[in-house]
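Structure, as structure tokens:
2 protein chains.
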Amino acid sequence: MNRTDSGGSVTVVGLGPGDPRLLTESARAALDAAQDLIGYHPYVARVPERDGLVRHSTDNRVELDRARHALELAMSGRHVAVVSGGDPGVFAMAAALFEAVEHGPLEWRALDIRVEPGITAMLAAAARLGAPLGGDFCALSLSDNLKPWEVVTARLEAVFRAGFAVALYNPISSARPWQLGRALALAAEILPATTPVIFARAVTRPDESVRVLTLAEARTAPADMATMILIGTSTTRLIEREGGVPFVYTPRSVAGA
Amino acid sequence: MNRTDSGGSVTVVGLGPGDPRLLTESARAALDAAQDLIGYHPYVARVPERDGLVRHSTDNRVELDRARHALELAMSGRHVAVVSGGDPGVFAMAAALFEAVEHGPLEWRALDIRVEPGITAMLAAAARLGAPLGGDFCALSLSDNLKPWEVVTARLEAVFRAGFAVALYNPISSARPWQLGRALALAAEILPATTPVIFARAVTRPDESVRVLTLAEARTAPADMATMILIGTSTTRLIEREGGVPFVYTPRSVAGA
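Which chain is which? The protein sequence lines are Z and X, in order.
Quick note on this note's numbering: the first sequence kicks off at 1 and runs consecutively.
Quick note on this note's numbering: the second sequence kicks off at 1001 and runs consecutively.
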């Protein structure tokens, strides 16, 4: 492939859920090779300072500006790492970066642009509990900043009825306080009240808290931006343990095969 | 939590898509600490030999036996790693292990059982291309060994109609030669013929091959067990590049917000 003359590069790096031991070796190497670090400030803060690394922290609302900034730096010859929590391809910076490329100058397409995958929040949360996403599952962002709420509810209804487990990203924020309650109410119209629902907050970080609830209990349980919510299916099982959080898994089998 | 007296443990370890640099540090540490290694032989073969590591390779069809074997070894005091490609919670060994725990002796529930997440195939494939799973998406196993084919098609129809991108695991095998063709024919009834479809074979391994097709082209394209298939949405975009595979991304936005 032709590369641009700039010699620069952009790598979108998945930092995983928080514990630095969940970074891949390849992601770590990409961070070590970067000259510029761009991202939402809590993610930038996860990368240790070192000589020669220029840090550009921003707030949470300017993904496209951040992407364009990274591409302009790369055009000037810099090696840029754009950092994302979890996996950059899952409700994170990779889509914003390629959106900027599509709508930007043609020469950006010849840049060396890569994505380093990471452990996304739903799979980190699932691993903590057992295998709640062991059958077919969906990942859905509950934010209606970028899609109409009617699309969110139509998608939720389709997948609850079809028997998928569902991972809810961006479940709630101060600007979006009611969406999670509506989503769980919709789930309760379709799924048994005993369906297991996992509220996994800050998984693998020092303030981690993980709760296994029924769907009925989940409807009044507190959540925040750091909470990943996994809604099981009618076949999801709990394995009770003395003195511990139960294991949760969704069997691979669906009756009738 | 109470632990069993055995002192043994089982860790289900995600090896990622193939490139050893995509292992997490935590997964590598779990492999280094294991005394016994259990898994389907190509996965066991990925872990280097060392003194004191006992290897138990099996074929692909005995997940529950393999899980019980791991739990019995742990009950005898051994530290066991059960290895899975990708992420063990996504159509892999974790669900089988917890199924064995649920239906096994009660003392198995007190064992130290952990899951080490890994980079699952759909996210490794997505990272290679750009961000094709950048919006809402589903992961579905096309195998009808463990669920009726009618459930597979009902699920596919629901998520194609609702606008999810779809990652197809287990798309084809010598025992299941026609299911992929039917799934793509169903997609073609619902989605535009120009919808991007990615056939990503052996991603990050030496024999990797990645193709970006239209849905119409995909219907006659060859695939095998090592192929991960990502079906885009009506909004998925291609960014053509001189002399290279195009970038593919699904925008975060859905019209109307």
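Even glycine gets a Cβ: it sits at the ideal position worked out from N, Cα and C.
Taking a beta-carbon distance threshold of 8 Å, residue 199 of chain Z does not count as an interface residue toward chain X. Per DSSP, reduced to three states, the secondary structure at residue 1227 of chain X is strand. Under DSSP, residue 131 of chain Z shares a beta bridge with Z:249. Bridge partners of residue 172 of chain Z according to DSSP: none are assigned. The alpha carbon of residue 1064 of chain X has as its nearest neighbour, out of X:1092, X:1023, X:1153, the alpha carbon of X:1092. Listed in chain order, the positions of the segment 1242 to 1257 of chain X with a beta carbon within less than 7 Å of a beta carbon of chain Z are 1242, 1243, 1244, 1247, 1249, 1250, 1251, 1252, 1253, 1254, 1256, 1257. According to the DSSP assignment, residue 1119 of chain X belongs to no beta strand (DSSP E), since it is labelled neither H nor E.
Distance check between residue 1088 of chain X and each of Z:56, Z:126, Z:76 places Z:126 closest, using alpha-carbon atoms only. A distance below 8 Å separates the beta carbons of residue 1039 of chain X and residue 1083 of chain X.
Between the beta-carbon of residue 1237 of chain X and that of residue 102 of chain Z there is about 6 Å, and that keeps the pair under the 8 Å contact cut. Cβ-Cβ distances below 8 Å link residue 69 of chain Z to 38, 56 in the same chain, with the five nearest sequence neighbours on each side left out; the list follows chain order.
Residue contact check for residue 102 of chain Z against chain X: a CB pair falls below 8 Å. Residue 1043 of chain X sits away from residue 1132 of chain X, with the two beta carbons spaced by 8 Å or more. Here the segment 1203 to 1220 of chain X makes no contact with the segment 1160 to 1174 of chain X; the two share fewer than three CB pairs at distances below 8 Å.
Here the alpha carbons of residue 18 of chain Z and residue 181 of chain Z stand approximately 27 Å from one another. The shortest C-alpha to C-alpha distance from residue 242 of chain Z to any of X:1097, X:1109, X:1022 is the one to X:1109.
About 16 Å separates the Cβ atoms of residue 194 of chain Z and residue 220 of chain Z, ruling out a contact at the 8 Å cut-off.
Under the 8 Å criterion on CB atoms, residue 1062 of chain X is classed as non-interfacial with respect to chain Z.
Close to residue 146 of chain Z, with beta-carbon spacing below 8 Å, are these residues of chain X in chain order: 1252, 1253, 1254, 1257. Residue contact check for residue 22 of chain Z against chain X: a CB pair falls below 8 Å.
By the Cβ criterion, the segment 1022 to 1036 of chain X is in contact with the segment 1070 to 1082 of chain X, since at least three pairs of Cβ atoms, one from each stretch, lie closer than 8 Å. When C-beta distances to chain X are compared with 7 Å, the residues of the segment 119 to 133 of chain Z below that value are 119, 120, 123, 124, 126, 127, 130, 131, 133, in chain order.
A distance below 6 Å between beta-carbons, with the five flanking residues on each side excluded, links residue 130 of chain Z to the following residues of its chain, in chain order: 247, 248, 249.
The alpha-carbon of residue 73 of chain Z is positioned some 56 Å away from that of residue 1072 of chain X. When the Cα atoms are used, residue 128 of chain Z and residue 1115 of chain X turn out to be separated by approximately 7 Å. Contact check for residue 1140 of chain X against residue 1156 of chain X passes: the beta carbons are separated by less than 8 Å. Taken through DSSP and simplified to helix, strand or coil, residue 153 of chain Z comes out as helix. A residue is called buried once 16 or more other Cβ atoms fall within 10 Å of its Cβ, and residue 1075 of chain X is buried on that count.
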